[in-house]
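Below: the structure, in structure tokens.
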Amino acid sequence: MTARHFLSLMDCTPEELNGLIRRGIELKDLRNRGALFEPLKNRVLGMIFEKASTRTRLSFEAGMIQLGGQAIFLSPRDTQLGRGEPISDSAIVMSRMLDAVMIRTYAHSTLTEFAAYSQVPVINGLSDDLHPCQLLADMQTFLEQRGSIQGKTAAWIGDGNNMCNTYIEAAMQFDFQLRVACPQGYEPNAALLAQAGERVRIVRDPREAVAGAHLVSTDVWTSMGQEEEVAQRLELFRPYQVNRALLDQAAEDVIFLHCLPAHRGEEISADLLEDPRSLAWDQAENRLHVQKALLEMLVEPAYYHA
Ligand code: CP
Ligand code: NVA
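Numbering (the working numbering), first residue to last: 7 to 312.
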């Protein structure tokens, strides 16, 4: 039997995605009530990190422990992957010992190649193209605070990066409109844009993007792997800072989300995470809960009831 992977939001149906979020909310409630729930006892998640991480590592590791299992952190520096052992061979061997593998990598093809040879589920913990686990947390946060996002409008401000691409997928899967304000030459993935059609609109003026929006989000101007472009990006993205005045142009009940880490004074004003409209801390916490639902669905589907 081939394993089920989660490399993109498009690997699930909209019903499954909404189910994961509902289940994430249930698991959050269970944890808040102090209830033990350990369906993944003796299960082991391998976590390959080619890039740095705080939230992704912690949420997957803590999540596995809370579900009764274990997680093993694997750095390419300390494994044969970093010394040139083929991805395919690594996938075959690792998946004979593990119950699931989470990978944070550069090229998205590393994920698809690993998944093609893995006999256990592979989870995308961020690639240069996509960050689907983050969008599960974002969508959980919106649902908890404002109800269904269906038919609402979201605005993405800044770089058309991996997060922006995943917002496009989310717009298609969760059925909302998305306006992306980015500088010329920093647009999101063209194929995804074509697939999304009228659902996503590219604009240059951040005020046009946020006008009446129910959700506003942004991300760092320089993603991991782009460090050499810092100076030119700082200059180019300056008109794209999200601040209180910009949020004032959005809907009265707008929420602001940021996947973190944030660079205060760059993509957000120094005070924005303290603004009552910002839910970035809840959003970060929700990584834990909704990924536990994802692990449950992928590793132990028999226990999973969305
Ligand atoms: N948002 C997010 O993925 O954070 P980390 O880079 O800390 O994992
Ligand atoms: N776009 C950022 C997201 C970090 C969570 C990056 O790829 O570095």
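Just so it is clear, CB atoms sit at the ideal spot from N, CA and C, and this is done for glycine as well.
None of these values were measured; they are calculated from a predicted model.
Below 6 Å, is the gap between the Cβ of D225 and the nearest heavy atom of ligand 2? yes
To the nearest angstrom, how far is the alpha carbon of F12 from that of P127? 7 Å
Sequence-distant residues of its chain with Cβ nearer than 8 Å to L252 (five each side left out): I163, P212, R213, V216 and V222
In three-state DSSP terms, what is R102? helix
Reference R239; option with closest CA among I208, G218 and G191: G191
Separation of E273 from L266, as counted between CA atoms: 11 Å
Do R205 and A177 have their C-beta atoms closer together than 7 Å? yes
Tell me the DSSP bridge mates of W162? V186 and S223
Going by CA-CA distance only, name the one from E235, M230, N171 and V236 that's closest to R207. N171
Relative to ligand 1, is the shortest distance from any of its heavy atoms to the C-beta of R61 smaller than 6 Å? yes
Between the alpha carbons of G231 and G40, how many angstroms are there, rounded? 40 Å
Pull up the CB-CB distance for L136 and I27, whole angstroms please, since I reckon it's below 8 Å. About 18 Å; that fails the 8 Å criterion.
What span of residues does the alpha helix (DSSP H) with L46 cover, start to end? Run containing L46: none; DSSP gives neither H nor E here.
Start and end residues, beta strand (DSSP E) containing I208: V206 to V209
State the Cα-Cα distance for the pair F243 and Y112, rounded to the nearest angstrom. 23 Å
If I'm right that L285 touches Q151 with Cβ under 8 Å, what's the distance once you round it to whole angstroms? 6 Å
For a test of your reading of the model: does the CB of L266 fall under 6 Å from any non-hydrogen atom of ligand 1? Yes or no. yes
Pull up the distance between the alpha-carbon of E91 and that of T19, whole angstroms please. 34 Å
Between the alpha carbons of T62 and D254, how many angstroms are there, rounded? 31 Å
If we require 4 or more residues per run, which alpha helix (DSSP H) segments fall completely within the segment 92-140? 93-103 and 114-123
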